[in-house]
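Just below is one structure, and these are the notes that go with it.
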Amino acid sequence: AQTVTQSQPEMSVQEAETVTLSCTYDTSESDYYLFWYKQPPSRQMILVIRQEAYKQQNATENRFSVNFQKAAKSFSLKISDSQLGDAAMYFCAYRSETGNQFYFGTGTSLTVIP
Amino acid sequence: DAGITQSPRHKVTETGTPVTLRCHQTENHRYMYWYRQDPGHGLRLIHYSYGVKDTDKGEVSDGYSVSRSKTEDFLLTLESATSSQTSVYFCAISESPLTNNEQFFGPGTRLTVL
C-alpha cells in the first residue's frame, strides 16, 4: 500500500504571511493523483487543491498553490496571505490512476495568529 | 456540495452493543468508503464498496462489517462495540479516477463507546 507522510503535526503562521505544509509519499506508480484537504473545526472535509502526476505544471487555486516534485515524491502546499479562516487541519492524500483507494497522511494542524 | 448524509450524527453506546451507521448519497457515485479519524492517525480506511454488493476491506477492518444493497446506501456495522471504536466516522464517495478523481465526504458521525 502507498504511504503518505506529513512530518509537521502542527504549524503556525501570522495572518497575511505565507506558510508551507509538507507532504511526501511512497509509490512505484507513474500515474496518480494528489490532493490537499482542509478540515476546519466543523469537521467537514473540503478539497483545497489537486494535482495530476502527469502534469508538470504546479496546481494553483487562488491563494493556495503546490510544489509538486515528482522525482522526490514531494507535494507541499503553500498558503499565501494567510487568513484566520485558513486555520484548520490539513490532510495530504494520494490516489493511483486506476486505484479504488485513497491514502491519507496524518494531518497538519495549522494555527493562524492574528 | 455533494449530496452525502450520515446518520446518526452523534451516538453514545455501551460496550458490547451492536451499532449501525448509515451513509446515503444522491450523486449515484460508484465508490463508497468508510473511514475512521483518530488523533495522530489521520483518516484510516475501514471498508469500501465498488458497487452494489461489492465490498472490500481496508486498513482497519477488524470488528467492522459493511453492506451495500443499493447504490445510494452504505452501512457500517459494529457487531459488538468496544471502547477502542470510539472515533469519528466519515463516509466518502467517488467516481472512477478516470472520470472524476476527487473524493467527497459526508459530515461525519461521532461515536462514543462507554
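From first to last, the protein sequence lines are chains A and B. Just so we're aligned, residue 23 is where the first sequence starts under my numbering, counting upward by one. Just so we're aligned, residue 3 is where the second sequence starts under my numbering, counting upward by one. Glycine included, every Cβ here is placed at the ideal spot set by N, Cα and C. Keep in mind the model is a prediction, meaning the values are calculated, not measured.
What does a CB cutoff of less than 8 Å around T57 of chain B pick up in its chain, not counting 5 residues either side in sequence?
-> Numbered from 1 along the second sequence, position 55 holds the residue referred to as residue 57 of chain B. If we look at T57 of chain B and ignore the five residues flanking it on each side, its Cβ neighbours are H49, Y50, S51, V68, S69, R70.
First and last residue of the uninterrupted beta strand (DSSP E) at T28 of chain B | The residue labelled residue 28 of chain B in the question sits at position 26 within the second sequence. Taken as a continuous stretch (DSSP letters only), T28 of chain B belongs to no beta strand (DSSP E), as it is neither H nor E.
For S63 of chain B, which residues of its own chain have a beta-carbon under 8 Å away from its beta-carbon, when the five flanking residues on both sides are left out?
-> As a working note, residue 63 of chain B is residue 61 in the second sequence. For S63 of chain B, the CB contacts under 8 Å within the same chain, skipping 5 residues up- and downstream, are I48, H49 in chain order.
Pairwise C-alpha distance: Y125 of chain A and Q24 of chain A | Here the question's residue 24 of chain A lines up with position 2 in the first sequence. Here the question's residue 125 of chain A lines up with position 103 in the first sequence. In a straight line, the C-alpha of Q24 of chain A is about 7 Å away from that of Y125 of chain A.
Could one say the Cβ of G127 of chain A lies closer than 8 Å to chain B's Cβ atoms, at least one of them?
-> Taking the first residue of the first sequence as position 1, residue 127 of chain A is located at position 105. G127 of chain A counts as touching chain B.
Use the C-beta contact count for T130 of chain A: other C-beta atoms within 10 angstroms, 16 or more gives buried, fewer gives exposed.
-> The sequence position of residue 130 of chain A within the first sequence is 108, counting from 1. By the neighbour-count rule (16 or more Cβ atoms within 10 Å), T130 of chain A is buried.
Is Q123 of chain A close to chain B, meaning its C-beta is less than 8 Å from at least one C-beta of that chain?
-> The count along the first sequence starts at 1 and reaches residue 123 of chain A at position 101. Yes, because at least one Cβ of chain B sits closer than 8 Å to the Cβ of Q123 of chain A.
Can you tell me whether H12 of chain B is buried or exposed, with buried defined as 16 or more other CB within 10 angstroms of its CB?
-> By 1-based counting over the second sequence, the position of residue 12 of chain B is 10. Exposed, by the Cβ-count rule.
What's the C-alpha gap between K55 of chain B and R32 of chain B?
-> Taking the second sequence and counting its residues from 1, one reaches residue 55 of chain B at position 53. Taking the second sequence and counting its residues from 1, one reaches residue 32 of chain B at position 30. Each residue's Cα considered, the two are about 11 Å apart.
Determine the DSSP secondary structure at D56 of chain B, reduced to helix, strand or coil.
-> If you number the second sequence from 1, residue 56 of chain B lands on position 54. Looking at D56 of chain B - three-state DSSP - the assignment turns out to be strand.
Mind pulling the chain B residues with CB within less than 7 Å of Q30 of chain A?
-> The residue you call residue 30 of chain A lines up with position 8 of the first sequence. Those within 7 Å of Q30 of chain A in chain B number zero; the least Cβ separation is about 13 Å.
Closer than 7 Å by beta-carbon distance: list the chain A residues that pair up with P20 of chain B, in chain order.
-> Counting from one through the second sequence, the residue named residue 20 of chain B turns up at place 18. Going along chain A, no residue has its Cβ under 7 Å from P20 of chain B, so there is no contact; the nearest lies around 25 Å.
Whose Cβ in chain A lies nearer than 7 Å to the Cβ of R45 of chain B?
-> Here residue 45 of chain B refers to the residue found at position 43 of the second sequence. Per the sequence presented here, residue 45 of chain B reads as Leu, with Arg not at that position. What L45 of chain B touches in chain A: F113, F126.
In terms of residues, what are the limits of the beta strand (DSSP E) holding N94 of chain A?
-> Mapped onto the first sequence, residue 94 of chain A falls at position 72. Residue identity differs from the one stated: residue 94 of chain A is Ala in this sequence, not Asn. It is not in any beta strand (DSSP E) - A94 of chain A carries neither H nor E in the DSSP assignment.
Look at the Cβ atom of I71 of chain A, then the Cβ atom of A81 of chain A, and state whether they are nearer than 8 Å.
-> Residue mapping note: residue 71 of chain A aligns to position 49 of the first sequence, counting from 1. Residue mapping note: residue 81 of chain A aligns to position 59 of the first sequence, counting from 1. The answer is yes: Cβ separation under 8 Å.
If you measure from the beta carbon of V90 of chain B to each beta carbon in chain A, is any gap under 8 Å?
-> Translated into the one-based positions of the second sequence, residue 90 of chain B becomes position 88. So yes, V90 of chain B belongs to the interface.
Take K21 of chain A and list the residues in its own chain whose beta-carbon comes closer than 7 Å to its own, dropping the five residues that flank it on each side.
-> Residue 21 of chain A lies beyond the stretch modelled for chain A, which goes from 23 to 136, so this question has no answer here.
Counterpart residues of T84 of chain B in DSSP-defined beta bridges = The sequence position of residue 84 of chain B within the second sequence is 82, counting from 1. For T84 of chain B, which the question treats as bridged, DSSP gives no partner whatsoever.
For M33 of chain A and chain B, any beta-carbon pair shorter than 8 Å?
-> Taking the first residue of the first sequence as 1, we reach residue 33 of chain A at position 11. With 8 Å as the cut-off, M33 of chain A does not count as an interface residue toward chain B.
Measure the alpha-carbon distance for S118 of chain A versus G5 of chain B and round it to whole angstroms.
-> The residue you call residue 118 of chain A lines up with position 96 of the first sequence. The residue you call residue 5 of chain B lines up with position 3 of the second sequence. So the alpha carbons of these two residues sit roughly 24 Å apart.
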